[in-house]
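Encoded as structure tokens, the structure appears first; notes follow it.
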Amino acid sequence: MSKIVFGPITSRRFGQSLGIDLSPDAKQCNFDCIYCELKGATPVNTIQNPPTVKEVISNVKEALLKYKDIDVITLTANGEPTLYPYMKELIKELHVIKNSSKLLILSNGATSTCKETREILKEIDIVKLSLDCVSERCFKKIDRPIKGLHVKDIIEGIKEFRKIYDKELVLEVLVVKGINDKESEFEALRDVLKEIKPDRIDISTVDRPPAYDVQSVGIARLKELASILSSLPISLAYKRDYSEEKRNFTKDEILNMIDKRPQSFDDVKISFSQESIKRLNSLVEANFLHVKDVAGVNFYKLS
Ligand code: SF4
């Protein structure tokens, strides 16, 4: 396999993912996040020496012949994929060859300030953008953007994007201990998220060894912070070996809980007793609850 295309890897949230690295030679990003899994690097505004569209397409075609049942073809980079200069043409070509797979992009959201980028992103089936916090102070501390980028402009850009984008928009919040794990940050974030109305919010914490010396927060704290957010579907990144006390819920309690916020299959598996799972399934059979796939994650919803 080339260094441009990698995988497929199993993504818990998106299924079988074939990755495209649009900056295969070096990290090139307009952020230098403290939690980045890549080495720290000075932020930049463009990807130098990018692969050509022809190269990318030929590598993806080869991979698609070899690997069947790819759920998503993921545009990513050793850095920020929207800095790739030929994105418009690439997306057009990928749509021609992708078969039944969806196109997904993992972006830090910074270039949503640009109208042209928003128009390009509009053509992608699932757009996942980061929004770690909404105060400038916190944003600067955690995402360490290139000079001239301000979180209020990014928020406005994402709001503008939502107006023209009716496919699946996922926002990701990565929580770092001591930086964006405060109630006040999450309350401010909630107000912004209510306006953006993403289809799903992914909440996670530092997992793999980061670029700088930062710490993760526990799942219990992530759950507390998630409870501050709006009633939108939230996918929490549970660690594989995470478990907690299984609880018994009556049918009314289940309906009430899901009325407040859709519960993911993982949420249910982690905290529901067997008896509660049976009750929940009976509510699905009786059509009081429905299962909805939101960009690859299943949720129980009321309607
Ligand atoms: S946006 Fe992504 S690639 Fe860029 S510094 Fe942050 S974590 Fe790393």
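In terms of the numbering used here, the sequence shown has 885 at position 195, counting the first letter as 1, and numbering is strictly consecutive. All C-beta atoms in this analysis are idealised placements derived from N, C-alpha and C, irrespective of residue type, glycine included.
Rounded to whole angstroms, the separation of the alpha carbons of D822 and E862 is 7 Å. S802 has its alpha-carbon roughly 41 Å from the corresponding atom of I967. Cα atoms of V974 and H980: separation of roughly 6 Å, rounded to the nearest angstrom. Of the residues L915, D957, M947, the one whose Cα lies closest to the Cα of S933 is D957. Secondary structure in the segment 755-830: the beta strand (DSSP E) runs of 3 residues or longer, each lying completely within the stretch, are 762-766, 792-797, 816-820 in chain order.
The C-alpha of P698 is placed about 8 Å away from the C-alpha of Y757.
Excluding its 5 nearest sequence neighbours in each direction, T700 has C-beta neighbours in its own chain below 8 Å: Q706, S707, listed in chain order. In the three-state reduction of the DSSP assignment, V865 falls in the strand class. For the pair I909 and I832, the CB atoms are not nearer than the 8 Å cut-off. By the CB criterion at 8 Å, V882 and I836 fall outside the cutoff.
Every alpha helix (DSSP H) of 4 residues or more that sits fully in the segment 840-912 is shown, in chain order, as 841-854, 873-886.
Going by C-alpha positions, K842 is about 7 Å away from V824. Environment of the ligand SF4, chain-ordered: C719, F721, D722, C723, C726, L728, G769, E770, N798, taking every residue with Cβ within less than 6 Å of a heavy atom. For E877, the closest of S917, L793, G838, T940 by C-alpha to C-alpha distance is S917.
In terms of Cα proximity to K788, the closest of L796, T764, A731 is T764.
E727 and R898 have their C-alpha atoms roughly 6 Å apart. Within the segment 955-992, the complete alpha helix (DSSP H) runs of at least 4 residues fall at 955-961, 964-975. In this structure, the straight-line span from the alpha carbon of L864 to that of L915 is close to 11 Å. Take the alpha-carbon of E770 and the one of F939: they are about 43 Å apart. Counting other Cβ atoms within 10 Å of its Cβ, K929 stays below 16 and is therefore classed as exposed. Judged by DSSP in its simplified three-state form, V695 adopts strand. A distance of 8 Å or more separates the beta carbons of T807 and T766.
DSSP, read as helix, strand or coil, puts D711 in strand. Shown here, S701 sits in a strand according to DSSP, grouped into three states.
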